[in-house]
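Numbering (our numbering), first residue to last: 1044 to 1269.
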């Protein structure tokens, strides 16, 4: 009897700590597990006793890539406690900043972290050697997402303009127009990148899922509520 017990650790392109355990006996796979672990950081504990106004800035540190949902969810929780009604205009501005994070985060995931796997490459550096223009476009698109966050939030990582009830500083109309104008250019870049992904060989995996979603107070997809 031949037995292979293989453990790969760590995986470097996952959030948290990742590893793979593979056991093969007589040429047959007996066990294949992908394990991703994120250690608890006890934010709930060290927030006790802090000022309510500090909470959004503190919980933003849960993630350097996607801090905005933590800022918004904590703000909404406190706004609900104090029965603060947020004007629709503020909700729309919050959505725009979240969309900036989506652009940045999803571009990072799709092209810098995930795409190399489909081409059997080790990382985005190897991908850049054979697809330099694709990586260049992806970096530009990611930078545009960061630009949106910075304009509304004061800086691209852990924004500082958000507060309970609204913003410490509201973006100017001229800045919003600038974002709108740039969207047309970057929409074309996004389309070009999407066409590139269609060329990737995707494994045929069928999963039986039931998709559910809440809706927000504007009867829309719950980007900042639900």
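Note that CB positions come from ideal geometry on N, CA and C, so glycine has one too. Predicted model only: the values in this text are computed from it and were never measured.
Item, Value
"Among the candidates 1160, 1205 and 1225, whose CA atom is the shortest distance from the CA of residue 1115?", "1205"
"Per DSSP, which one or two residues make a beta bridge with residue 1068?", "1046 and 1071"
"Could you check the C-alpha separation between residue 1088 and residue 1059 for me, to the nearest Å?", "21 Å"
"What residue does the alpha helix (DSSP H) around residue 1177 start on, and which one ends it?", "1175-1196"
"Is the beta carbon of residue 1229 less than 8 Å from the beta carbon of residue 1155?", "no"
"Taking C-beta to C-beta, are residue 1202 and residue 1111 nearer than 8 Å?", "yes"
"Are residue 1122 and residue 1208 touching if we call contact CB-CB under 8 Å?", "yes"
"Rounded to a whole number of angstroms, what is the C-alpha to C-alpha distance between residue 1259 and residue 1138?", "12 Å"
"Since residue 1175 and residue 1189 should fall inside the 8 Å C-beta cutoff, what is the C-beta to C-beta distance between them, to a whole number of angstroms?", "Contact flag wrong, Cβ pair sits at about 21 Å."
"Kindly give me the distance between the Cβ atoms of residue 1151 and residue 1266, rounded to whole angstroms, as I take these residues to be in contact under 8 Å.", "Contact flag wrong, Cβ pair sits at about 19 Å."
"Report the three-state DSSP secondary structure of residue 1218 (helix, strand or coil).", "helix"
"Output the distance between the C-alpha atoms of residue 1073 and residue 1067, rounded to the nearest integer angstrom.", "6 Å"
"Can you give me the start and stop residues for the alpha helix (DSSP H) that residue 1150 sits inside?", "1131-1150"
"Pull the bridge partners of residue 1077 from the DSSP assignment, please.", "1063"
"Compute the Euclidean distance between the alpha carbons of residue 1135 and residue 1219, then round it to the nearest angstrom.", "12 Å"
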